[in-house]
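**Q** Protein chains in written order, with our numbering: chain B, 192 to 498; chain G, 192 to 498; chain H, 192 to 498; chain V, 192 to 498. The beta carbon of each residue, even a glycine, is placed where N, CA and C say it ideally should be. Sending over a structure as structure tokens; questions will come in a sec.
4 protein chains.
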Amino acid sequence: MTLAHGFGGIVPPLVTPMTEEFEIDTDSLQRLIEAQLAAGVQGIFVLGSTGETVHLTDRQRATVINVSVRTVAGRVPVLAGLIDTTTARVLEHAAVAQRAGVDAVVLPAPFYARINQAEIIEHFRAVHAAIDVPIIAYNIPVSVHIKIERPTLLQLLEERLIVGVKDSSGDEVNFRSTVLTKQQYPDFLVFSGQQQVVDLIFWMGADGAVPGLGNVDPTGYQRLYQAITAGNVAQARQEQERLMRLYTITAVAQQRLSPHAAAFGGLKTALQLLGIISTNVVGRPLQRFNAAEVEQVRQILVESQLL
Amino acid sequence: MTLAHGFGGIVPPLVTPMTEEFEIDTDSLQRLIEAQLAAGVQGIFVLGSTGETVHLTDRQRATVINVSVRTVAGRVPVLAGLIDTTTARVLEHAAVAQRAGVDAVVLPAPFYARINQAEIIEHFRAVHAAIDVPIIAYNIPVSVHIKIERPTLLQLLEERLIVGVKDSSGDEVNFRSTVLTKQQYPDFLVFSGQQQVVDLIFWMGADGAVPGLGNVDPTGYQRLYQAITAGNVAQARQEQERLMRLYTITAVAQQRLSPHAAAFGGLKTALQLLGIISTNVVGRPLQRFNAAEVEQVRQILVESQLL
Amino acid sequence: MTLAHGFGGIVPPLVTPMTEEFEIDTDSLQRLIEAQLAAGVQGIFVLGSTGETVHLTDRQRATVINVSVRTVAGRVPVLAGLIDTTTARVLEHAAVAQRAGVDAVVLPAPFYARINQAEIIEHFRAVHAAIDVPIIAYNIPVSVHIKIERPTLLQLLEERLIVGVKDSSGDEVNFRSTVLTKQQYPDFLVFSGQQQVVDLIFWMGADGAVPGLGNVDPTGYQRLYQAITAGNVAQARQEQERLMRLYTITAVAQQRLSPHAAAFGGLKTALQLLGIISTNVVGRPLQRFNAAEVEQVRQILVESQLL
Amino acid sequence: MTLAHGFGGIVPPLVTPMTEEFEIDTDSLQRLIEAQLAAGVQGIFVLGSTGETVHLTDRQRATVINVSVRTVAGRVPVLAGLIDTTTARVLEHAAVAQRAGVDAVVLPAPFYARINQAEIIEHFRAVHAAIDVPIIAYNIPVSVHIKIERPTLLQLLEERLIVGVKDSSGDEVNFRSTVLTKQQYPDFLVFSGQQQVVDLIFWMGADGAVPGLGNVDPTGYQRLYQAITAGNVAQARQEQERLMRLYTITAVAQQRLSPHAAAFGGLKTALQLLGIISTNVVGRPLQRFNAAEVEQVRQILVESQLL
């Protein structure tokens, strides 16, 4: 089983819409997915960091995966994150993902316990041995507090434990080295979690981008991607700079809320204002945007001509 | 419901014995608990960091709590950790702990998502509202990557959300300020997770210590505690210095393994050599001690006259 | 006094050639400068981090500045770093730089004492009040352990304390925001210290790059810059990817030496092999490359067709 | 040349009194030293972090050393810090210190350039080879951003490059291991930079403490030291807890100023209020206490019965 040859493009990490009671709002999730597909996304990624996965119970995670796979119904690949503290717990999530029929899983390093690079490799070996779904390594040191170092990545590739990497390290120099790894492993899929330098990501030769802001403006990112594909550098830059202004919705509540609450809350508030999801509730203990912050997001959407 | 007035002393954070198949070894767990009680511990703490809680599935966590509460059978208080990424998941663990009948729960800040101090307080409010078991705050920045700051702790106290704190921050100056908080809140229980400065902890006026090394030498820590209680400063220091040498079992594999694997593996290897637990298996992806490392631990136990 | 309107391009941060006795090798310094000018650099930057400024005595710093200004003799602008722990010491260096006739000074935040953003602004005010030379802010958190935050940069601009910024933070997303500041302040000069993403730097709209590797291959960076200027995206990328392979000279000794010794030593060893400087000595306590490492650098130069 | 056998006790790191023009206030410095000697200190330490050494020019540093040595006139040992970025610069300071006749120099790791442990050892070798004054290693990671690791310390001892260590790492567990090194090297002098756990420092067996707060209340620290020496545990603790309350003078301006400005400014403001030094000026770019903050310091001094 593998992702189609040539997989790439814009694969937004979906937010997880919630009801006022902190349950999964499956109607909103379906609307969100349909809006993404209508805009032409090349894939969707559920249960990533942007999906607030660590805020969900096991039951809720299963709901997100099952609803997503059924809604997409094979129109594009569905990627699912396997974010949990350690191997035993990840194996449970992996089994659920495989049963649901996802096209790939996205696997970060374990966290809470301080581990080393050899133990990261063991983790990937254990998950790889347990499921028959392609694995994409997820490099997200800001949350797991350890990097998947370059020799580790090469070892994972050498053992054919992974088919790609999603890099959210924020280190473009290292990312460029990762992209150049494709010269040796042409089928290796290289994705970036950046949302403000997506034009550069593609210019360096990456396969795809996983921008959280793609939840709010999937059409903008498609324009950016098409401009790049057409070799239209100036238009790609212009579109990216426009999206940078839109991205300020995640800065609106930065003084009051934590970085994650400000980011996820900004995306959810915008999606609620756009009529796609029903609430801007975020997982506890994060707090949702207040009325003044909602109004600021509305202004930014208006200036960006999305409202 | 509350811990008895005057609760304090040595409350070791128990390791979680595992079978070769990474399941809970309940026989070993029972033997470990009986060994602790025989040595005279003042309480036990299960599902802490030393208990490798993040390596256990929800089912396994429940097993540890239920076996522990049944085995202790009221002879000393049983504390249980509620370590998970966020409120929704912690509430599930909290319900299990309450049903099992633990005497207190020990609650760290959420992790993975970057949160702030206000969100830590929200987390405690939500857990406090959901259960009828005393809560002890767990300050462990090395794993959750955020400190419970002093104003936050005072707010938790002010709202009567917690009955105590277990501090594993490694910052003795701040710990001393925490101890002095008892001048204003005399019933506030102050515990330290340190194992090499337990004499100092008590000298500063703390109520108790939660030393991982207490798994291996509970009698030594009782001698230390009794010496302190009797005002015998010199004997307490001598005992602590002896325990520091024993603590080198956690340094044996430091070059090869991660810090947590080296620490937990050292404790489990010693307990296996002492005949108390059956394997030195640690949770995946951590790796167990190899033969050469086991032999080094044996030497240290012999030098420490425990073997 | 100001830099000519439209200043930009490649401005390499020169290494400081040393004799076996750790004194400034002024002959080598002159040869290095002539080699740079012959390759067509748009400016030179002396006494930066790459210049090992913190390894030099005050007398040696003055020598570097005076020799450099006399050798360049107005052919391109000369920028000089003002790297020191605090205001009083920086004012001494600033006076020397002004007397020597540099075209701009490059000023980082103070270090050793933990300072805050307001104190960074005070530092710039004090230096600005003391000299009549344009100041470029130098953002280098890896060495001074504090960032010049965005509001601080805007305040420095608002008070007209700086004419530009050299960013070595490694954070391209923030750098892009800095570049966009030029929309409001068109004369604001934005330079990056990156050497492996110089094509991207210019694509984002920056004025210039300050690549340490430019010491070794100034012609390559000029080709890259000309390709960008001509809108030849593919050629710029190809040249940058070639320079990335050359940059591995700074990784040769990474296991044995510290990051700075490995980087500066790699550059100096290459320059010695190319016959431009006379030794590969680095400032104490850093250690120079050994014979095996020199041989590896030679191989890389051969593969890169520089030897 | 060596410090007298049995050197130890309280050795305060003196602040550096400044005039309104940021010059050394030598009259105030002399009064400060006399006040310390009158209180019975066992030694003084000038040009440490508390002495704001990095804020002083080379000329000012020489003034501080020369005035201090002349004023003390052999009544107690004088220790002088050698804080600078790298070997070449430290050698200049070392020559000045030797000529002035200090009894020992206190040497931290170099900073700004990222170095490794081997280079720290080279640094000590170079300084040791250049002067005939005992060297005390200075472990201060908060400012130099690298620790002197335990194997490095043992190597420095093995090569007889140092006679002692001053530890300001804030890690009491590691400090205790350092103290136990005295079992193997009985003449090795172990000092701590802590000021709020000085009783514990001595209880662990350290030789001395270097508390910044000793500038303000040298008599209090002498009482604490005498209580420890007399085996009076309870009185030592009581005195230390009193000094903790006095230490809040360094927290008064913590919201407005940087950590170092708040700490040094608190000490200097108190000394000015006590009539010992003439201004509370701190080195630029740090800002001095404002009127409201001065008033708060006065209140704390009154509550502590020092005013």
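State the beta-bridge partners of G/Leu-298 as determined by DSSP.
**A** Here the question's residue 298 of chain G lines up with position 107 in the second sequence. For G/Leu-298, which the question treats as bridged, DSSP gives the partners G/Ala-328.
**Q** Quick check on V/Thr-420: buried or exposed, where buried means 16 or more other Cβ atoms within 10 Å of its Cβ?
**A** Walking along the fourth sequence from the start, residue 420 of chain V turns up at place 229. Flag for V/Thr-420 reads exposed.
**Q** Flag G/Glu-432 as yes if its beta-carbon sits less than 8 Å from any beta-carbon of chain B, otherwise no.
**A** Stepping through the second sequence from its first residue, residue 432 of chain G is reached at position 241. Answer no: the Cβ-Cβ gap between G/Glu-432 and chain B never drops below 8 Å.
**Q** Mind checking which residues open and close the beta strand (DSSP E) that includes V/Ala-271?
**A** As a position in the fourth sequence, residue 271 of chain V is number 80, starting the count at 1. That run of the beta strand (DSSP E) goes 269-272.
**Q** Checking the sheet assignment: what are the DSSP bridge partners for V/Lys-357?
**A** The residue labelled residue 357 of chain V in the question sits at position 166 within the fourth sequence. Bridge partners of V/Lys-357: V/Tyr-329, V/Phe-382.
**Q** Which chain G residues sit within Cβ distance under 7 Å of B/Thr-276?
**A** Here residue 276 of chain B refers to the residue found at position 85 when the first sequence is read from its first residue. Correct list: Val-245.
**Q** So with Cβ pairs under 8 Å, would you call G/Met-192 a contact of chain V?
**A** Locating residue 192 of chain G in the second sequence gives position 1, counting from the first residue. Confidence in G/Met-192 is poor, its pLDDT being 41 and thus under 50, which makes the residue's placement unreliable; the coordinate value appears in the next sentence. Not one chain V Cβ lies under 8 Å of G/Met-192.
**Q** Out of curiosity, what's the CA-to-CA distance linking B/Phe-315 and G/Ile-331?
**A** Here residue 315 of chain B corresponds to residue number 124 of the first sequence, with the count starting at 1. Here residue 331 of chain G corresponds to residue number 140 of the second sequence, with the count starting at 1. CA-CA distance, B/Phe-315 to G/Ile-331, rounds to 27 Å.
**Q** Rounded to a whole number of angstroms, what is the C-alpha to C-alpha distance between V/Met-192 and V/Val-324?
**A** If you number the fourth sequence from 1, residue 192 of chain V lands on position 1. If you number the fourth sequence from 1, residue 324 of chain V lands on position 133. Note that V/Met-192 has pLDDT 42, beneath the 50 cutoff, so the model's placement of it is unreliable and the number below is only indicative. Going from the Cα of V/Met-192 to the Cα of V/Val-324 covers about 6 Å.
**Q** Does G/Met-192 come out as helix, strand or coil in the three-state DSSP assignment?
**A** In the second sequence, the residue the question calls residue 192 of chain G occupies position 1. Confidence at G/Met-192 is low in this model, with a pLDDT of 41, below 50, so the placement of that residue is unreliable and no value is reported for it.
**Q** Using a Cβ-Cβ distance cut-off of 8 Å, determine whether H/Leu-477 contacts chain V.
**A** Residue numbering aside, residue 477 of chain H sits at position 286 when the third sequence is read from its first letter. Yes, its Cβ sits closer than 8 Å to a Cβ of chain V.
**Q** Thinking G/Phe-455 and G/Glu-211 are a contact (beta carbons under 8 Å), I'd like their distance in whole angstroms, please.
**A** On the second sequence, position 264 is the one that residue 455 of chain G refers to. On the second sequence, position 20 is the one that residue 211 of chain G refers to. Rounded, the Cβ-Cβ distance is 16 Å, inconsistent with contact.
**Q** By the 10 Å Cβ neighbour count, where 16 or more other Cβ atoms means buried, how is G/Ala-253 classified, buried or exposed?
**A** Here residue 253 of chain G is taken as the residue at index 62 of the second sequence, counted from 1. Counting Cβ neighbours within 10 Å, G/Ala-253 comes out buried, since at least 16 surround it.
**Q** Please go through the same chain and pick out, in chain order, the residues whose beta-carbon is closer than 6 Å to the beta-carbon of V/Gly-136, but skip the five residues on each side of it.
**A** Lying before the first or after the last residue shown, residue 136 of chain V is absent from chain V, which here runs from 192 to 498.
**Q** What's the call for H/Arg-280, buried or exposed, on a 16-neighbour Cβ count within 10 Å?
**A** For the purposes of this step, residue 280 of chain H is taken as residue 89 along the third sequence, with counting starting at 1. That one is buried.
**Q** Look up V/Gly-242 in the DSSP assignment and say whether it is helix, strand or coil.
**A** Stepping through the fourth sequence from its first residue, residue 242 of chain V is reached at position 51. V/Gly-242 falls in the coil class under three-state DSSP.
**Q** Between V/Val-202 and chain H, is there a C-beta pair that is closer than 8 Å?
**A** In the fourth sequence, the residue the question calls residue 202 of chain V occupies position 11. Taking Cβ atoms only, chain H never reaches closer than 8 Å to V/Val-202, which makes this a no.
**Q** Mind checking which residues open and close the beta strand (DSSP E) that includes H/Phe-236?
**A** For the purposes of this step, residue 236 of chain H is identified with residue 45 of the third sequence, where counting begins at 1. First-last of the beta strand (DSSP E) with H/Phe-236: 235-237.
**Q** The alpha helix (DSSP H) with V/Ser-368 in it runs from where to where?
**A** The count along the fourth sequence starts at 1 and reaches residue 368 of chain V at position 177. Unbroken alpha helix (DSSP H) run through V/Ser-368: 363-371.
**Q** Hey, how far is the Cα of B/Leu-347 from the Cα of B/Leu-464?
**A** Walking along the first sequence from the start, residue 347 of chain B turns up at place 156. Walking along the first sequence from the start, residue 464 of chain B turns up at place 273. Their Cα atoms are separated by approximately 42 Å.
**Q** G/Pro-204 bridges to which residues according to DSSP?
**A** Taking the first residue of the second sequence as position 1, residue 204 of chain G is located at position 13. BP columns for G/Pro-204 point to G/Phe-236.
**Q** Would you mind telling me which residues of chain V sit closer than 9 Å to G/Arg-414, beta carbon to beta carbon, in chain order?
**A** By 1-based counting over the second sequence, the position of residue 414 of chain G is 223. The premise fails here: G/Arg-414 is roughly 18 Å from chain V at the closest Cβ pair, so nothing lies under 9 Å.
**Q** Taking only three categories from DSSP, how would you classify G/Gly-399?
**A** Translated into the one-based positions of the second sequence, residue 399 of chain G becomes position 208. The answer is strand: DSSP assigns G/Gly-399 an E or B state.
**Q** Is it true that the CB of V/Asp-249 sits closer than 8 Å to the CB of V/Glu-283?
**A** Taking the first residue of the fourth sequence as 1, we reach residue 283 of chain V at position 92. Taking the first residue of the fourth sequence as 1, we reach residue 249 of chain V at position 58. Closer than 8 Å, so yes.
**Q** Taking the CB atoms as reference points, tell me whether G/Gln-478 and B/Glu-310 lie closer together than 8 Å.
**A** As a working note, residue 478 of chain G is residue 287 in the second sequence. As a working note, residue 310 of chain B is residue 119 in the first sequence. The answer is yes: Cβ separation under 8 Å.
**Q** Determine which residues of the region 275-306 of chain G have a Cβ less than 7 Å from any Cβ of chain B, and write them out in chain order.
**A** Thr-276, Thr-277, Thr-278, Ala-279, Arg-280, Glu-283, Pro-301, Phe-302, Tyr-303, Ala-304, Arg-305, Ile-306
**Q** H/Glu-504 versus chain B: which residues are under 8 Å apart at the beta carbon?
**A** Coverage of chain H is limited to positions 192 through 498, which leaves residue 504 of chain H absent and any answer about it impossible.
**Q** Evaluate H/Ser-495 with the Cβ neighbour count: other Cβ atoms within 10 Å of its Cβ, from every protein chain shown; 16 or more gives buried, anything less gives exposed.
**A** The residue you call residue 495 of chain H lines up with position 304 of the third sequence. Buried, since its Cβ has 16 or more Cβ neighbours within 10 Å.
**Q** Determine the closest residue to G/Asp-358 out of G/Glu-350, G/Arg-489, G/Leu-380, G/Leu-352, with distance taken between C-alpha atoms.
**A** Within the second sequence, residue 358 of chain G is the residue found at index 167, counting from 1. Nearest option by C-alpha distance: G/Leu-380.
**Q** Within this structure, are the beta carbons of H/Ser-334 and V/Tyr-329 separated by less than 8 Å?
**A** The residue labelled residue 334 of chain H in the question sits at position 143 within the third sequence. The residue labelled residue 329 of chain V in the question sits at position 138 within the fourth sequence. Against a cut-off of 8 Å, the Cβ pair of V/Tyr-329 and H/Ser-334 comes out as no contact.
**Q** Applying a beta-carbon distance threshold of less than 8 Å, which residues of chain B neighbour H/Val-364?
**A** Translated into the one-based positions of the third sequence, residue 364 of chain H becomes position 173. Chain B residues near H/Val-364: Gly-361, Gln-385, Gln-387, Val-388.
**Q** Do you know offhand how far G/Asn-481's Cα is from V/Phe-236's?
**A** Numbered from 1 along the second sequence, position 290 holds the residue referred to as residue 481 of chain G. Numbered from 1 along the fourth sequence, position 45 holds the residue referred to as residue 236 of chain V. Taking the straight line joining both Cα atoms gives about 49 Å.
**Q** With DSSP as the reference, label V/Ile-215 as helix, strand or coil.
**A** Start at 1 with the first residue of the fourth sequence, and residue 215 of chain V comes out as number 24. Here V/Ile-215 sits in strand by DSSP.
**Q** Give me, in chain order, the residues of the same chain whose beta-carbon lies closer than 6 Å to that of G/Thr-460; leave out the 5 immediate sequence neighbours on both sides.
**A** What you label residue 460 of chain G is simply residue 269 of the second sequence in a count that begins at 1. Here the set comprises Asn-471, Phe-480, Val-485, Val-488.
**Q** For H/Ser-449, decide whether its Cβ has a neighbour in chain V, counting only Cβ atoms nearer than 8 Å.
**A** As a working mapping, residue 449 of chain H is identified with position 258 in the third sequence. True, the Cβ-Cβ gap to chain V drops below 8 Å.
**Q** Taking all protein chains shown into account, decide if G/Arg-351 is buried (16 or more other Cβ within 10 angstroms of its Cβ) or exposed.
**A** As a position in the second sequence, residue 351 of chain G is number 160, starting the count at 1. Result: exposed.
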